[in-house]
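Top line first, the protein sequences correspond to chains A and B. Start counting the first sequence at 11; every next residue gets the next number (this note's numbering). Start counting the second sequence at 11; every next residue gets the next number (this note's numbering). A short worksheet on the structure shown next.
Protein chains: 2
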Amino acid sequence: MSQTPLPYRPHNHRACVDQALADAHRICNDAKARLTPTRERVLELIWQSHKPLGAYDLLGALAQDGHNAAPPTVYRALDFLQQHGLVHRIASLNAFVGCAHAGHRHTGFFLICRACRNVLELSAPHVAEAVDQAAQDEGFAAEDTTLEIAGLCPACQQEGGHE
Amino acid sequence: MSQTPLPYRPHNHRACVDQALADAHRICNDAKARLTPTRERVLELIWQSHKPLGAYDLLGALAQDGHNAAPPTVYRALDFLQQHGLVHRIASLNAFVGCAHAGHRHTGFFLICRACRNVLELSAPHVAEAVDQAAQDEGFAAEDTTLEIAGLCPACQQEGGHE
DNA sequence: TCAATGGATGAAACATTATAACATCGCATT
DNA sequence: AATGCGATGTTATAATGTTTCATCCATTGA
């Protein structure tokens, strides 16, 4: 059984993209939602790396495709992809990243390297539990959790040591 | 010993403001930092309620004071207040809220009611521990944690039940 | 086949949030 | 008074996100 590839470590990234696109097709098909060319292209662009992309980065990339899109085009595609759990928005960066666990019910939990900017998405159920419990203790009905940790990934910690 | 007032429940809010301003004076004094009139006024405005305020809300409020300030004025005051742990930025709202535990080392952890928009800041050390542990398990050096839970506060859950 | 429907996209304008760059002020120390 | 320096003023602009209305196009049902 293969391990989840770590963003900051060399891996066959083509496989990440292929997997993401295949998942997207399956998920949209199951949900009777339309993964149109624009939506698929935006998803593919997001998956070009494990670094979050801003909406205007995507807009620029579409422009390079020859697709002269306006902001709503990108935001609409992103809304769709988020609704179907294919991408996540990183609130602390105003940027978007591919969902590493598409199709699984989960609360996104992100480790964001401030040096290389790669993002690792964890599932960490016990963290989710601790958070939910803390909310419940206050009588609060949690609906949506934003959990983003900025810091240094293992690779960039070593880099830092050589400075 | 008095309890921490809950944002969504009636309380003598004047006391919250007074406490926040007194803490701010003490903290800035200890740090040899200058709590100038603009900075103090921004802090006071933020504490007018437990609802986060946007930078441009603050700008408008300053304008009503007769202070014709430009955006950098507000952002600079907010930067200062954040650096001294007197306010927090809520990334998911692009807005700012007074710090409920000024002077104590802590990781902000916010319960945000989507109905009344009040925000309760928790300390929840065991959550912070679970998060740090999860990061460490990945070899990640956590520096800054953003943890924001959107949902319904106890008061607004009851409201909702009557709909 | 054809019109109706409704989701998806195009396009223009605008709203909101945040920063850059440079000038000036005012106070504390000399 | 001269200097140094943090704080503020001012103008412009960048970056991010939304509203609105028109148009397209695939499917459906007559």
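Glycine included, C-beta positions come from ideal geometry on N, C-alpha and C. Quick caveat: nothing in here was measured; it's all calculated off a predicted structure.
query                                                                                                                                                                           : result
Could you check how far apart the C-beta atoms of V84(A) and V52(A) are, in whole angstroms? I think they sit under 8 Å.                                                        : 7 Å
If you count every other CB in all the chains shown that lies within 10 Å of the CB of T155(B), and 16 or more means buried, which is it?                                       : buried
Is the CB of F150(A) under 8 Å away from at least one CB in chain B?                                                                                                            : yes
Mind listing the chain A neighbours of A140(B)? Cutoff is C-beta to C-beta under 7 Å, in chain order.                                                                           : H136, V137, A140
Which runs of the alpha helix (DSSP H) at least 4 residues long sit entirely within the region 127-163 of chain B? Give them in chain order.                                    : 135-147
Would you decide whether A73(B) is buried or exposed? Buried here means 16 or more other CB atoms lie within 10 Å of its CB.                                                    : exposed
Hey, could you find the ends of the beta strand (DSSP E) C123(A) is sitting in?                                                                                                 : 119-123
Is the Cβ of T156(A) closer than 8 Å to any Cβ of chain B?                                                                                                                      : yes
Using the rule of at least 16 other Cβ atoms within 10 Å of the residue's Cβ for burial, across every protein chain shown, is N128(B) buried or exposed?                        : buried
Buried or exposed for Q140(B), going by 16 or more other Cβ atoms inside 10 Å?                                                                                                  : It is Ala, not Gln, that sits at residue 140(B) in the sequence shown. Label assigned to A140(B): buried.
Taking all protein chains shown into account, do 16 or more other C-beta atoms lie within 10 angstroms of the C-beta of E158(A), making it buried, or fewer, making it exposed? : buried
Would you report the Cα separation of P15(A) and A101(B), rounded to the nearest angstrom?                                                                                      : 28 Å
Do F120(B) and V137(B) have their C-beta atoms closer together than 8 Å?                                                                                                        : no
Who are the Cβ neighbours of Y18(B) in its own chain at under 8 Å, not counting the five residues just before and after it?                                                     : H60, C123, C126, N128, L130, C163, P164, A165, C166
From which residue to which residue does the beta strand (DSSP E) around A105(B) run?                                                                                           : 105-108
Does the region 145-154 of chain B come close enough to the region 90-104 of chain B that 3 or more CB-CB pairs lie under 8 Å?                                                  : no
Quick one: give me the first and last residue of the alpha helix (DSSP H) that V94(A) is part of.                                                                               : Residue identity check: residue 94(A) is His in the sequence provided, not Val. First-last for H94(A): undefined, no H or E at that position.
Please state whether DSSP places E173(B) in a helix, a strand or coil.                                                                                                          : Per-residue confidence for E173(B) stands at a pLDDT of 47, beneath the threshold of 50, marking its modelled position as unreliable; no derived number is given.
Using DSSP bridges, identify the partner residues of R99(A).                                                                                                                    : F106(A)
Keeping to the same chain, check which residues put their C-beta closer than 6 Å to that of E173(B); ignore five residues upstream and five downstream.                         : Caution applies to E173(B), whose pLDDT of 47 falls short of 50 and renders its modelled position unreliable; the model cannot decide the point.
With distance defined between alpha-carbon atoms, name the residue in A152(B), R49(B), G149(B) nearest to L91(B).                                                               : R49(B)
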